[in-house]
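Residue numbers (our numbering): 8 to 93.
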Amino acid sequence: TMGCIRVDKITEYLCDPLQKCLKDDDPYVRKTAVVCVAKLYDISPEIVEERGFLDSLQALISDPNPMVVANCVAALSEIQSVSAKP
Numbered sequence: 008t009m010g011c012i013r014v015d016k017i018t019e020y021l022c023d024p025l026q027k028c029l030k031d032d033d034p035y036v037r038k039t040a041v042v043c044v045a046k047l048y049d050i051s052p053e054i055v056e057e058r059g060f061l062d063s064l065q066a067l068i069s070d071p072n073p074m075v076v077a078n079c080v081a082a083l084s085e086i087q088s089v090s091a092k093p
């Protein structure tokens, strides 16, 4: 939910909780965190790259839950399309 707040000053506060959520035991929490990474990239690509969120998404492609994997592929695809824009 915090990822929907599109304010630059909030992004730094999102990073630590988001890293924890990407490793949560609950697949719903992980899939939601994956979507938040894509939203965070739209706001601040530098933070996503510096904090290792892209590596976390790549690792989650092999998650045992198919919804996590589907959201991860969608998030990486969205990030790729945003990063390809001039």
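All C-beta atoms in this analysis are idealised placements derived from N, C-alpha and C, irrespective of residue type, glycine included.
How is the alpha helix (DSSP H) around residue i delimited, first residue to last?
{"i": "S69", "result": "No alpha helix (DSSP H) holds S69; DSSP gives it neither H nor E."}
{"i": "D98", "result": "Outside the displayed range of the chain (8 to 93) lies residue 98, so it cannot be described from this structure."}
{"i": "A91", "result": "Neither: A91 is in no alpha helix (DSSP H) and is coded neither H nor E."}
Within this structure, are the beta carbons of residue i and residue j separated by less than 8 angstroms?
{"i": "V42", "j": "A91", "result": "no"}
{"i": "V80", "j": "Y48", "result": "no"}
{"i": "N78", "j": "K46", "result": "no"}
{"i": "L61", "j": "A40", "result": "no"}
Using only alpha-carbon positions, find the residue among the options that is nearest to residue i.
{"i": "V44", "options": "D33, N72 and L67", "result": "L67"}
{"i": "Y35", "options": "P71, L61 and D23", "result": "P71"}
Can you tell me whether DSSP reads residue i as helix, strand or coil?
{"i": "D23", "result": "helix"}
{"i": "D31", "result": "coil"}
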